[in-house]
């Protein structure tokens with residue numbers, strides 16, 4: 003029988019710095035999400051294993067065990083989030099999530115570990131993807147000798163994946179994920195890096211096939227990029243979108259806010275200040291002015307009052323508005339409508355910040371919120387995109 007599973011949720015929402023704790027949290031949460039969202043059919047999951055857990059999986063020869071564990075529970079893995087290397091749920095993450103960089107050997111080794119695990123847990127005929135860091139945090143850190151080294155490490159990954167496909171027939175691609183404040187934070191940055199530091203260092207066919215983009219909708223929205231323009235820029239450059247992370251940012255347009263509510267609106271935005279994650283924010287200081295980038299929300303709030311705010315804080319994708327703030331759901335719909343059938347196979351809801359949301363956005367159970375997101379996404383995504391979703395031979399579980 004043929005089963006299409008084009009949708010998943012990213013399990014980096016669950017803590018788990020080692021393999022056993024990661025699996026325990028899948029058992030606790032993912033099974034309940036499946037019961038609510040897809041009780042009769044297998045459910046896609048985007049796996050996250052920290053470097054420690056990935057190394058443990060390989061050294062203890064537990065890939066087959068993990069594959070069977072997932073299959074017995076009706077969970078279909080087809081993608082990894084290879085961005086967070088360490089404990090993504092420690093008390094303070096902030097800039098640590100951008101380490102190691104792509105010019106460091108540790109990032110290469112971690113990605114190769116994830117490739118080995120993904121190859122072992124994928125079902126026959128299923129293409130795999132791994133999203134990854136957009137090189138490093140901050141453009142000023144990337145000296146002229148470091149970017150070529152980052153490119154060489156990524157080309158090494160592409161060549162490894164080409165050999166894997168030649169040997170096994172298995173296609174896996176690593177997808178670079180632009181993020182605000184990083185070396186690559188816009189589509190233009192991505193295209194420039196591809197042309198200057200990737201295509202110049204290896205076989206073009208291999209690089210274009212095995213190195214792609216992970217388009218995080220929230221990230222592009224924070225950078226005030228139009229979704230259709232981003233996708234068209236990648237098309238024009240011959241860069242494939244290997245994975246779309248469906249996510250929503252926080253927005254506030256003070257020009258559309260009644261004057262009597264301005265103070266309350268800014269106070270509500272302050273409620274998103276928290277100590278674990280970085281919440282990069284773009285602020286338009288006045289109508290028609292160029293936006294100003296702040297690397298975290300407290301800095302944006304300490305600056306002179308602007309007229310528009312967009313903050314990198316992943317909020318539930320089924321929301322359109324809460325209180326006086328916007329959940330930027332419109333860019334999600336614009337992105338899904340701008341994609342062409344067959345252009346991307348992997349779609350993943352990635353709201354990792356449930357644990358640090360303001361109280362008014364919390365849900366009774368985590369699984370309840372995730373299932374609601376997946377249900378909304380399934381009802382919203384154009385059917386033409388689903389027709390080209392993942393195909394898996396045989397029943398699962």
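Numbering (the numbering used here), first residue to last: 3 to 399. Beta carbons: idealized from backbone N, C-alpha and C, even for Gly.
Helix, strand or coil for residue i? Go by DSSP, reduced to three states.
| i | result |
| --- | --- |
| residue 290 | coil |
| residue 140 | coil |
| residue 456 | Since the first residue of the chain shown is 3 and the last is 399, residue 456 is not available in this structure. |
| residue 203 | helix |
| residue 17 | coil |
| residue 122 | helix |
| residue 153 | helix |
| residue 109 | helix |
| residue 47 | strand |
| residue 134 | strand |
Where residue i and residue j are concerned, what is the direct C-alpha to C-alpha distance, given to the nearest angstrom?
| i | j | result |
| --- | --- | --- |
| residue 290 | residue 361 | 34 Å |
| residue 319 | residue 66 | 34 Å |
| residue 316 | residue 142 | 26 Å |
| residue 220 | residue 283 | 12 Å |
| residue 173 | residue 166 | 8 Å |
| residue 129 | residue 273 | 40 Å |
| residue 263 | residue 286 | 19 Å |
| residue 212 | residue 376 | 28 Å |
| residue 41 | residue 288 | 50 Å |
| residue 350 | residue 249 | 9 Å |
| residue 37 | residue 348 | 22 Å |
| residue 77 | residue 45 | 5 Å |
| residue 255 | residue 321 | 17 Å |
| residue 268 | residue 299 | 12 Å |
| residue 314 | residue 195 | 23 Å |
| residue 2 | residue 87 | Because the chain is modelled from 3 through 399, residue 2 falls outside the range shown and cannot be assessed. |
| residue 127 | residue 69 | 15 Å |
Quick check on residue i: buried or exposed, where buried means 16 or more other Cβ atoms within 10 Å of its Cβ?
| i | result |
| --- | --- |
| residue 226 | exposed |
| residue 30 | exposed |
| residue 394 | Low confidence applies here, because residue 394 scores a pLDDT of 47, under 50, leaving its location unreliable; read the following figure in that light. Classification of residue 394: buried, given that the 10 Å Cβ count is 16 or more. |
| residue 312 | buried |
| residue 113 | buried |
| residue 202 | exposed |
| residue 333 | buried |
| residue 328 | buried |
| residue 234 | exposed |
Among residues of its own chain, excluding the 5 on either side of residue i, which ones have a beta-carbon nearer than 7 Å to its beta-carbon?
| i | result |
| --- | --- |
| residue 72 | 79 and 123 |
| residue 293 | 226, 284, 285 and 286 |
| residue 89 | 19 and 52 |
| residue 27 | 16, 17 and 18 |
| residue 278 | 93, 94, 95 and 358 |
Below 6 Å CB to CB, which residues in the same chain sit around residue i once its five sequence neighbours on both sides are set aside?
| i | result |
| --- | --- |
| residue 35 | 369, 372 and 373 |
| residue 244 | 131, 175, 177 and 214 |
For residue i, which residues in the same chain have their Cβ closer than 8 Å to its Cβ, ignoring the five residues on either side in sequence?
| i | result |
| --- | --- |
| residue 51 | 18, 21, 24, 59, 82, 116 and 119 |
| residue 309 | 255, 256, 257, 286, 287, 288 and 289 |
| residue 121 | 130, 166, 170, 172 and 174 |
| residue 379 | 9, 248, 319, 349 and 351 |
Length-filtered (4 minimum) alpha helix (DSSP H) runs lying within the stretch 355-387: Taken in chain order, the complete alpha helix (DSSP H) segments of 4 or more residues contained in the stretch 355-387 are 368-382.
Complete beta strand (DSSP E) runs within the stretch 277-349 (minimum length 3 residues, chain order): As for any beta strand (DSSP E) of minimum length 3 sitting wholly inside the stretch 277-349, the runs are 283-286, 294-296, 310-317 and 327-329, ordered along the chain.
Inside the stretch 246-276 only - beta strand (DSSP E) runs reaching at least 3 residues: With a minimum length of 3 residues, the continuous beta strand (DSSP E) runs that stay inside the stretch 246-276 are 250-255.
Every unbroken beta strand (DSSP E) inside the stretch 56-99 [3 residues or more]: Counting only unbroken stretches of 3 or more residues, the beta strand (DSSP E) elements lying wholly within the stretch 56-99 are 77-83, in sequence order.
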